[in-house]
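Comments concern the structure below.
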Amino acid sequence: MPVNPFQKFQITASVPVATIDYGSEVAGYPYFNVESVSGKVQIEVKYSEQFDGLSSNFSDGPFPIQVALSNTYRVETFEITSPGEFQAYLLQGGQRWQSIRLLTDGTVTFSAVGFKASVQKLDINNLPGSFQSDDDNLNEIWKLGARAASMACVEKGSQKAIWDVSDDGAFVRGMRAGISFQGAFFKDYTLEFTTKIERGGIGWAIAHPIASPAKGIQLNLVGNQPANTSFVNTNTSLTPPNSILLAYGYSFVNVTTLTSYMLDTFNVPQDIQENTWYTVKSVLSGDYLAVSINNTQVFNVSLSSYYIGGTSIPTAGSFGFGGWQDQSGYIKDVSVYSTANGTALYQNSMTNSSVVLAEYGVHENFESICLDGAKRDRTVWLGDYYHTSRIIGASTSAYDIARGTLQFFLDWQLTDGVFPYDPPIGYDPSTASNAFATGGGGQLAGYEIYDIILPDYQILGMISFCNYVITSGDLTFASQTWAQWKLHTEWVLSWVSPTIGLPVFTLGFLGPGNSSSAISCALIQVLNMMADVATGINDTASALSYRSFAENITTAVNSLLWNPDLGVYSVSPASPNDFSVASIAFCITSGAANSTQVASSLAALPSLQLGPGYKDSTTVNSSDPSALIAPNTNGFLLSALLSQNQSNTALALIKSLWTPMISNNETSSGASWEYMGVIGDPGYGLFTSLSHPWGGAPTYLLTEWVAGLRSADGAAGIGYKNWIIGPEAGIAMNLKNVTAKVVTAFGGSLEVDWNVQGTTMNVNIQAPNTTSGVFVLGKTKKVLQGESSYSFSFSIS
68 MPVNPFQKFQ ITASVPVATI DYGSEVAGYP YFNVESVSGK VQIEVKYSEQ
118 FDGLSSNFSD GPFPIQVALS NTYRVETFEI TSPGEFQAYL LQGGQRWQSI
168 RLLTDGTVTF SAVGFKASVQ KLDINNLPGS FQSDDDNLNE IWKLGARAAS
218 MACVEKGSQK AIWDVSDDGA FVRGMRAGIS FQGAFFKDYT LEFTTKIERG
268 GIGWAIAHPI ASPAKGIQLN LVGNQPANTS FVNTNTSLTP PNSILLAYGY
318 SFVNVTTLTS YMLDTFNVPQ DIQENTWYTV KSVLSGDYLA VSINNTQVFN
368 VSLSSYYIGG TSIPTAGSFG FGGWQDQSGY IKDVSVYSTA NGTALYQNSM
418 TNSSVVLAEY GVHENFESIC LDGAKRDRTV WLGDYYHTSR IIGASTSAYD
468 IARGTLQFFL DWQLTDGVFP YDPPIGYDPS TASNAFATGG GGQLAGYEIY
518 DIILPDYQIL GMISFCNYVI TSGDLTFASQ TWAQWKLHTE WVLSWVSPTI
568 GLPVFTLGFL GPGNSSSAIS CALIQVLNMM ADVATGINDT ASALSYRSFA
618 ENITTAVNSL LWNPDLGVYS VSPASPNDFS VASIAFCITS GAANSTQVAS
668 SLAALPSLQL GPGYKDSTTV NSSDPSALIA PNTNGFLLSA LLSQNQSNTA
718 LALIKSLWTP MISNNETSSG ASWEYMGVIG DPGYGLFTSL SHPWGGAPTY
768 LLTEWVAGLR SADGAAGIGY KNWIIGPEAG IAMNLKNVTA KVVTAFGGSL
818 EVDWNVQGTT MNVNIQAPNT TSGVFVLGKT KKVLQGESSY SFSFSIS
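Using my numbering, the letters of the sequence shown correspond one by one to residues 68 to 864.
Below you can see the structure in the form of structure tokens.
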């Protein structure tokens with residue numbers, strides 16, 4: 068039932084469900100204005116990006132991968148006893164759809180429902196940056212990335228703390244456990260705490276690595292669930308009264324890529340009453356786990372007796388507190404000591420908010436940041452920021468948040484220069500950095516995980532910094548933080564083998580870590596970009612050094628990775644007959660490939676074509692119906708295609724991969740997607756993030772290549788001091804009317820408005836008169852400088 072803020076609606080036993088369509092992605096704290104209520108009223112509210120989520124038991128969640136300062140669950144229940152406005156305590160990070168189902172036999176009338184915004188309120192049709200053409204589909208596709216960035220980029224303090232801390236302890240609502248960074252290196256320990264259940268139960272986690280893999284032993288104490296306070300939709304099959312649940316993984320239920328194992332349920336030999344304090348003790352000793360309530364043992368089990376996919380349950384790692392959906396309760400007087408000898412390891416009364424919130428990662432966000440996605444993972448992935456940083460420049464111009472994101476990485480930087488690949492948003496980097504760097508589990512325990520997991524994200528993060536400086540012109544920030552960026556660059560270059568001249572990481576995202584063509588070419592690209600930034604801040608020595616490194620790596624790439632038989636760059640020396648979208652893309656956009664290699668590489672693309680786009684590499688099985696198409700990597704490719712005037716192929720890719728994001732009303736969020744399936748549906752089903760900026764490359768590429776509005780190459784283009792209008796792709800796509808605008812660093816916007824009438828092209832350009840530009844189309848070239856407005860026409864026959 069679509070509604071607006073001025074249309075009231077009623078749900079009754081005969082019409083028990085209302086469905087609200089917000090039209091596009093929204094984010095915030097749910098609120099409900101109740102005009103009237105009669106009888107006993109409990110409502111179940113679901114939130115979902117896809118319409119089908121409203122028909123699923125858990126909607127499109129839960130999302131137990133991170134605390135993320137939002138509700139882990141996408142279903143919550145409320146009891147309404149009086150008219151007036153009430154608000155959910157926990158944030159819902161992103162959804163288009165909402166349902167409200169009456170669970171009881173009363174009646175309730177709502178005068179309004181909605182969300183108290185947790186993101187900036189932006190009019191997507193009136194942004195500082197814009198693109199408009201006579202192709203409505205392209206216009207809507209341009210908006211996808213803009214909306215995704217506006218939903219993912221949040222201001223400092225806008226994502227509120229999710230625990231209440233008082234003299235009664237920490238009040239914890241149902242959520243993925245907030246984990247103490249203080250216990251990152253604990254093992255064979257006893258955790259003791261007092262708890263008072265307010266509703267349903269209370270959860271805790273032990274042997275939980277603070278870093279990867281972010282999963283551990285999950286426990287939940289379920290109370291006696293008295294009828295007068297329990298919700299009627301309580302899942303008593305999963306959470307039976309007076310019991311303790313035992314699971315391993317991320318949660319008590321499986322969630323797509325987040326595997327969890329429900330191991331056991333134990334009866335508690337006493338009545339666990341609400342609003343009553345109990346002392347809970349969990350004892351880890353070797354392979355054994357024992358739990359007691361008020362010194363009465365509930366169970367003592369051998370963890371090796373449980374199956375978790377063929378491996379053993381790890382028993383090292385930290386601890387924390389959370390709960391299942393709709394549960395809530397207090398945690399107080401937490402202590403940890405050695406099981407073997409009783410040595411005290413940790414103590415916290417849980418009554419000091421200035422200590423507790425940051426320690427458990429539930430503090431409001433410390434910095435303005437861009438998350439990877441609105442609903443999940445809601446963490447600041449270093450490599451994912453690549454596309455977001457460019458989308459901002461072409462659309463929202465939220466440079467304060469863009470700069471905050473980069474500062475956030477710098478705040479987490481280690482002394483050797485490396486950044487975390489996904490710093491969480493609720494921890495204080497000044498205290499938690501070491502725990503996250505070396506607090507991994509299993510074989511990662513004790514190692515600096517940033518050397519091992521996604522090290523090529525360090526390169527993509529550097530590119531994001533350069534993109535920010537080039538589009539914003541913020542040379543002040545670049546100068547102030549340059550020492551840290553140079554240190555980071557030194558860390559990356561330390562992985563370049565002196566023997567073969569290629570980076571030899573352990574693993575990678577763009578390709579295999581060792582001698583990957585995609586990673587090597589991305590490194591070439593960023594070294595040249597860093598040289599441009601160095602030139603902009605007058606660090607000539609660094610500029611020369613970075614360009615020299617880039618030249619040497621280019622030589623090595625073409626010597627060791629070009630496969631003349633295939634006519635394409637091999638994924639790596641170990642896989643000479645395989646190639647990938649990322650290797651083709653970055654080896655073109657970095658300039659590593661010469662014109663012959665470019666043409667040959669592009670000719671190999673059809674063998675990667677799959678469904679609506681291109682599969683990541685030749686190693687992907689095209690017959691696998693679960694294969695994923697990544698708008699992220701296809702975005703890298705789209706940039707390469709447009710830079711080489713492959714306009715028809717580029718347009719075909721835009722239309723085939725991004726049109727499904729706007730064409731199906733039940734899956735369209737108005738924002739770009741994380742993954743797509745081979746038939747054009749969300750790639751991970753309901754779990755898929757449908758507001759993910761890494762899928763929004765057309766937003767900046769349509770501006771840059773179709774409208775033709777881009778900064779000049781090199782340091783001269785920083786902040787659009789010098790610019791180019793080159794709309795060759797737009798003309799090749801047979802567009803007749805295009806306008807675009809970006810914000811410059813020189814007191815105004817750069818705007819272009821061109822149209823074609825017959826064989827005549829009419830061009831109008833607005834720009835700050837302190838900037839200079841060149842219009843280029845075919846043989847037509849016009850140098851433009853010293854004015855704030857330029858208008859001209861010419862024949863394009």
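All C-beta atoms in this analysis are idealised placements derived from N, C-alpha and C, irrespective of residue type, glycine included.
Return the chain-ordered list of same chain residues with a C-beta closer than 8 Å to the C-beta of Met-68, the five sequence neighbours on each side being excluded. Numbered from its first residue, the sequence shown carries residue 68 at position 1. Caution is warranted here: a pLDDT of 38 is assigned to Met-68, below 50, making its placement in the model unreliable, and the coordinate value is therefore given only provisionally. Cβ neighbours of Met-68 beyond the five flanking positions: Phe-76, Ala-85, Thr-86, Ile-87.
Give the DSSP-derived three-state secondary structure of Thr-847 in the structure shown. The residue you call residue 847 lines up with position 780 of the sequence shown. Looking at Thr-847 - three-state DSSP - the assignment turns out to be strand.
Give me the residue from Gln-510, Gly-173, Pro-487 with the minimum Cα distance to Pro-83. Position 16 of the sequence shown, counted from the start, is the residue given in the question as residue 83. Selected option, being the one with the closest Cα: Gly-173.
Measure from the alpha carbon of Val-422 to the alpha carbon of each residue in Ser-233, Met-242, Ser-723, Tyr-751, then state which is nearest. If you number the sequence shown from 1, residue 422 lands on position 355. Nearest C-alpha to Val-422: Ser-233.
Between the CA atoms of Tyr-488 and Leu-669 - distance to the nearest angstrom: Looking up residue 669 in the sequence shown gives position 602. Looking up residue 488 in the sequence shown gives position 421. Their Cα atoms are separated by approximately 31 Å.
Ranges of the alpha helix (DSSP H) found wholly within the region 779-814, counting only runs of at least 4: 795-799
What's the call for Tyr-374, buried or exposed, on a 16-neighbour Cβ count within 10 Å? Against the sequence shown, residue 374 aligns to sequence position 307. When all chains shown are included, Tyr-374 counts as exposed.
Reference Ser-539; option with closest CA among Gly-396, Leu-817, Tyr-89: Position 472 of the sequence shown, counted from the first residue, corresponds to residue 539. The shortest Cα separation from Ser-539 among Gly-396, Leu-817, Tyr-89 belongs to Leu-817.
Minimum C-alpha distance to Trp-344 - residue among Glu-431, Val-358, Phe-260: Looking up residue 344 in the sequence shown gives position 277. Selected option, being the one with the closest Cα: Phe-260.
What first and last residue would you give for the beta strand (DSSP E) that runs through Lys-348? Counted from its first residue, the sequence shown places residue 348 at position 281. Note, Lys-348: beta strand (DSSP E), 344-352.
Going straight from the alpha carbon of Leu-675 to that of Ile-696, what length do you get? The sequence position of residue 675 within the sequence shown is 608, counting from 1. The sequence position of residue 696 within the sequence shown is 629, counting from 1. Approximately 11 Å, taken between the alpha carbons.
Mind checking which residues open and close the alpha helix (DSSP H) that includes Ser-217? One-based indexing of the sequence shown puts residue 217 at position 150. Looking at the DSSP string, the run of the alpha helix (DSSP H) that includes Ser-217 is 203-219.
Can you look up Asp-820 in the DSSP assignment and give me helix, strand or coil? Here residue 820 corresponds to residue number 753 of the sequence shown, with the count starting at 1. Strand at Asp-820.
So which of Phe-182, Ala-779, Leu-802, Val-687 has the shortest CA-CA distance to Asn-715? The sequence position of residue 715 within the sequence shown is 648, counting from 1. It is Leu-802 whose Cα lies nearest to the Cα of Asn-715.
Looking only at C-alpha atoms, which of Ser-739, Thr-766, Gly-793, Gly-762 sits nearest to Gly-775? As a first step, residue 775 is located in the sequence shown; it is residue number 708 there, counting from the start. If we check each option's Cα against that of Gly-775, Gly-793 comes out closest.
Start-to-end residues for the alpha helix (DSSP H) that takes in Val-422: On the sequence shown, residue 422 is found 355 positions in, with the first residue counted as 1. Its alpha helix (DSSP H) spans residues 420-426.
Any idea what DSSP makes of Ala-711, helix, strand or coil? Along the sequence shown, one-based indexing puts residue 711 at 644. In the sequence as presented, Ala is not what sits at residue 711; that position holds Gln. In the structure shown, Gln-711 sits in coil (DSSP, three-state: anything other than H, G, I, E or B).
From Ile-459, Ser-435, Ile-458, Val-571, pick the residue whose C-alpha is nearest to that of Asp-478; which is it? Along the sequence shown, read from residue 1 onward, the residue named residue 478 stands at position 411. Here the closest residue by C-alpha is Ser-435.
Classify Lys-722 as helix, strand or coil using the three-state DSSP reduction. Locating residue 722 in the sequence shown gives position 655, counting from the first residue. Note: Lys-722 maps to helix in three-state DSSP.
Would you say the region 529-537 touches the region 545-555, given that touching needs at least three Cβ pairs under 8 Å? yes
With H, G and I counted as helix, E and B as strand and the rest as coil, what does DSSP make of Tyr-140? Position 73 of the sequence shown, counted from the first residue, corresponds to residue 140. Residue state, collapsed to three classes: coil.
I believe Met-743 touches Leu-718 by the beta-carbon criterion, under 8 Å. Please report the beta-carbon distance rounded to the nearest angstrom. By one-based count along the sequence shown, residue 743 stands at place 676. By one-based count along the sequence shown, residue 718 stands at place 651. About 18 Å; that fails the 8 Å criterion.
For Gly-316, which option in Thr-324, Tyr-328, Pro-307 has the closest C-alpha, if you only look at C-alpha atoms? The count along the sequence shown starts at 1 and reaches residue 316 at position 249. Ranking the options by Cα distance to Gly-316, first place goes to Tyr-328.
Nearest by alpha-carbon distance to Ser-420: which of Tyr-413, His-430, Leu-412 is it? Looking up residue 420 in the sequence shown gives position 353. Checking every option, the nearest Cα to that of Ser-420 belongs to His-430.
Can you tell me whether Lys-788 is buried or exposed? The criterion is at least 16 other CB atoms within 10 Å of its CB, across all chains shown. Within the sequence shown, residue 788 is the residue found at index 721, counting from 1. It is buried - the Cβ of Lys-788 has at least 16 other Cβ atoms within 10 Å.
What did DSSP end up calling Pro-69 once you bin it into helix, strand or coil? Within the sequence shown, the letter at position 2 stands for residue 69. With a pLDDT of 42 at Pro-69, under the threshold of 50, the modelled position of that residue is not reliable, and the figure given next carries that caveat. Note: Pro-69 maps to coil in three-state DSSP.
What do you get for Ala-465, buried or exposed, if any count of 16 or more other CB atoms within 10 angstroms of its CB means buried? Sequence index remark: in the sequence shown, residue 465 carries index 398 (1-based). By the neighbour-count rule (16 or more Cβ atoms within 10 Å), Ala-465 is buried.
With distances taken Cα to Cα, identify the nearest neighbour of Thr-826 among Ile-798, Leu-351, Val-819. As a first step, residue 826 must be located in the sequence shown, where it is residue number 759. Thr-826 has its Cα closest to that of Ile-798, out of Ile-798, Leu-351, Val-819.
Less than 7 Å separating the beta-carbons of Glu-111 and Arg-163? Sequence index remark: in the sequence shown, residue 111 carries index 44 (1-based). Sequence index remark: in the sequence shown, residue 163 carries index 96 (1-based). No.
For Pro-727, name the three-state secondary structure that DSSP assigns. Stepping through the sequence shown from its first residue, residue 727 is reached at position 660. Note: Pro-727 maps to helix in three-state DSSP.
For Gly-389, the nearest candidate out of Ile-591, Ile-398, Pro-381 (CA to CA): By 1-based counting over the sequence shown, the position of residue 389 is 322. Per the Cα distances, Ile-398.
Give the C-beta separation of Ser-185 and Tyr-96 to the nearest angstrom, bearing in mind that I take them to be a contact with Cβ-Cβ under 8 Å. Taking the first residue of the sequence shown as 1, we reach residue 185 at position 118. Taking the first residue of the sequence shown as 1, we reach residue 96 at position 29. 7 Å between Cβ atoms; contact.
When you compare only the Cα positions, how much space is there between Val-70 and Gly-106? As a first step, residue 70 is located in the sequence shown; it is residue number 3 there, counting from the start. As a first step, residue 106 is located in the sequence shown; it is residue number 39 there, counting from the start. Legend: pLDDT at Val-70 = 44, less than 50; position of this residue unreliable, value from coordinates given subsequently. Approximately 24 Å, taken between the alpha carbons.
Does the structure place the region 516-527 close enough to the region 286-297 that three or more beta carbon pairs sit under 8 Å? no
State the CB to CB distance for the pair Gly-270 and Trp-391, rounded to an integer number of angstroms; the pair is presumed to be in contact (CB under 8 Å). As a working mapping, residue 270 is identified with position 203 in the sequence shown. As a working mapping, residue 391 is identified with position 324 in the sequence shown. Correct: roughly 6 Å between the Cβ atoms.
Do Pro-381 and Ala-281 come within 7 Å of each other at the CB atom, strictly closer than that value? Counting from 1 along the sequence shown, the entry for residue 281 is found at position 214. Counting from 1 along the sequence shown, the entry for residue 381 is found at position 314. No, they are not a contact pair.
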